[in-house]
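Step one of this worksheet: look at the structure below.
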Amino acid sequence: MILQQLEAEKSIDRDTLLEAIRSAIESAAKKSMTKNANITVDLDPETLAFQVFEIRTVTETVTEPATEMSLEEALKLNPDVVVGNRLKVPAAPKDFGRIAAQTAKQVIIQKIKDAERDRIFEEFKQREGDLVTGAVKRVSHGNIIVSVGRAEAIVPHREQSPRENFKPGDRIRAYLLEVEKSQRGAQVILSRASTELVRALFELEVPEIYDETVEIKAIAREAGSRTKVAVKSNDPNVDAVGACVGMKGSRVRAVVEELSGEKIDIVRWSDNPVELCANALNPADILDIEVDSENGVIRVLVPQDQLSLAIGKRGQNARLASKLIGWSIDIRGDGAPEQPMPNVESGGQDVENLSATNIVDHDFPERNDAGAVPDEESAPE
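Start counting the sequence shown at 20; every next residue gets the next number (my numbering).
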């Protein structure tokens with residue numbers, strides 16, 4: 020009855036619980052026996068009746084009574100025994116009382132805790148890369164502690180979106196980044212800032228992505244602010260961008276809402292870096308694109324009046340486009356002076372490193388990029 024209750028409460032199988040009890044009795048018995056004795060315990064899985072044995076080696080001459088026995092004594096227990104055999108000899112531990120019982124209790128509790136930790140580790144290790152849903156338990160030292168089923172997970176500060184502020188009791192959906200084993204058990208690490216969270220959310224909202232009709236080829240994200248997603252259709256009859264946007268923007272809007280209003284641009288993927296660069300910088304008009312393969316740079320010429328649109332607020336549009344295509348991008352307006360200009364690195368260089376001719380220190384007007392959530396009136400039917 021007790022075992023069944025523990026199985027239900029702790030989700031630990033019966034064999035593990037039986038081994039915990041057997042090990043506990045063995046530890047308690049060792050405290051009551053001779054220090055060097057080799058002790059083992061047999062446990063009846065049905066009745067939980069147990070018997071303690073000493074394991075002794077059969078020798079001609081006994082030099083260590085705690086671990087050896089003479090051949091003459093051994094033959095009384097087993098007529099087929101020979102020198103060198105090891106026998107299980109029934110033993111009766113002395114003073115097998117309160118201290119031993121306390122030891123047994125501590126061992127059982129520890130074994131159950133270890134089994135529970137191993138179960139949590141194995142369960143969540145198999146779920147790495149999945150979306151998980153839980154409730155915020157508390158916020159401690161900038162980290163969000165989340166209850167996920169019977170387990171406790173953590174969203175470290177580095178994996179949080181600057182836009183979000185969770186409170187105890189809030190529902191939270193996050194990407195299961197990794198599961199680590201520590202001395203305290205399994206450490207389940209979640210992320211709200213990973214690009215993979217965006218991928219997982221689109222897989223959830225867009226059936227064509229889930230069944231691989233549409234493929235997400237690349238994602239560039241600045242968590243809490245903006246994300247660019249490059250998609251490709253594996254079916255000529257399916258429009259990749261349209262599938263991700265959904266009717267009146269319903270699908271991409273669901274992802275935006277889950278990310279607390281983070282802007283999302285969906286662009287069409289191309290294996291041609293020139294075409295992909297033009298798509299990534301949309302809706303800015305591109306006058307000319309030059310590829311410098313030797314230096315890994317794409318130089319883009321845009322109308323002077325669209326320079327701020329191509330670069331984006333604080334350089335974000337150019338920076339995300341650079342991350343998305345994996346090339347450094349050098350954007351110039353057609354009215355800019357002919358002089359060397361720093362380029363936007365694919366790793367995300369700060370805006371101050373761009374030429375002053377490219378960036379004016381003020382907020383550029385927001386725009387409705389390709390794939391961004393459209394207004395209800397302008398949404399395609």
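For every residue, glycine included, the Cβ atom is placed at its ideal position computed from N, Cα and C. Since the structure is predicted, the reported quantities are computational estimates derived from the model, not experimental observations.
- Under the DSSP definition of a beta bridge, residue 229 lacks any partner.
- Between the alpha carbons of residue 310 and residue 300 lies a distance of about 15 Å.
- Between residue 270 and residue 285, the alpha-carbon positions lie close to 12 Å from each other.
- Annotated as distal: residue 220 and residue 147, with beta-carbon spacing of 8 Å or more.
- In the three-state DSSP reduction, residue 293 falls in the helix class (H, G or I).
- Cβ-Cβ distances below 6 Å link residue 78 to 87 in the same chain, with the five nearest sequence neighbours on each side left out; the list follows chain order.
- Here DSSP, grouped into helix, strand and coil, assigns residue 162 to strand.
- Within the DSSP secondary-structure output, residue 103 pairs in no beta bridge.
- When rounded, the separation of the alpha-carbon atoms in residue 90 and residue 99 is 11 Å.
- Comparing alpha-carbon positions, the option among 141, 185, 237 and 121 lying closest to residue 292 turns out to be 237.
- Taken in chain order, the complete alpha helix (DSSP H) segments of 4 residues or longer contained in the segment 241 to 281 are 259 to 264 and 269 to 277.
- Taking residue 134 as reference, the option from 35, 226 and 340 with the minimal CA-CA separation is 35.
- Of all alpha-carbon atoms in 324, 331 and 347, the one lying nearest the alpha-carbon of residue 353 is that of 324.
- Taken atom to atom, the span from the alpha-carbon of residue 249 to that of residue 131 is near 48 Å.
- By the 16-neighbour rule on beta-carbons within 10 angstroms, residue 336 is buried.
- Just measuring C-alpha positions, the residue of 144, 127, 263 and 56 sitting nearest residue 110 is 56.
- The Cβ atoms of residue 193 and residue 151 sit closer than 8 Å to each other.
- Beta-bridge partners assigned by DSSP to residue 59: 72.
- Exposed is the label assigned to residue 103, since fewer than 16 other Cβ atoms lie within 10 Å of its Cβ.
- Distance from the CA atom of residue 74 to the CA atom of residue 61, rounded to whole angstroms, is 12 Å.
- Boundaries of the beta strand (DSSP E) harbouring residue 174: 170 to 174, taken from the DSSP string.
- Cβ-Cβ distances below 7 Å link residue 144 to 198 in the same chain, with the five nearest sequence neighbours on each side left out; the list follows chain order.
- Residue 308 and residue 246 have their C-alpha atoms some 23 Å from each other.
- According to the DSSP secondary-structure assignment, residue 87 is paired through a beta bridge with 76.
- Here residue 321 really is in contact with residue 350; their C-beta atoms are around 6 Å apart, less than 8 Å.
- Spanning the alpha carbons of residue 49 and residue 124 requires a straight line of approximately 14 Å.
- Here residue 169 is exposed, its C-beta having fewer than 16 other C-beta atoms within 10 Å.
- According to the DSSP assignment, residue 34 belongs to the alpha helix (DSSP H) that extends over 33 to 51.
- With a contact defined as Cβ atoms closer than 8 Å, residue 208 and residue 175 qualify at about 7 Å.
- In the structure shown, the three-state DSSP call for residue 203 is coil.
- In terms of Cα proximity to residue 304, the closest of 328, 173 and 225 is 328.
- DSSP lists 192 as the bridge partner or partners of residue 152.
- Secondary structure remark: continuous beta strand (DSSP E) runs of at least 3 residues inside the segment 315 to 342, in chain order: 316 to 321.
- Within the same chain, 60 and 62 come within 6 Å of residue 41 by CB-CB distance, once the 5 residues on both sides are set aside.
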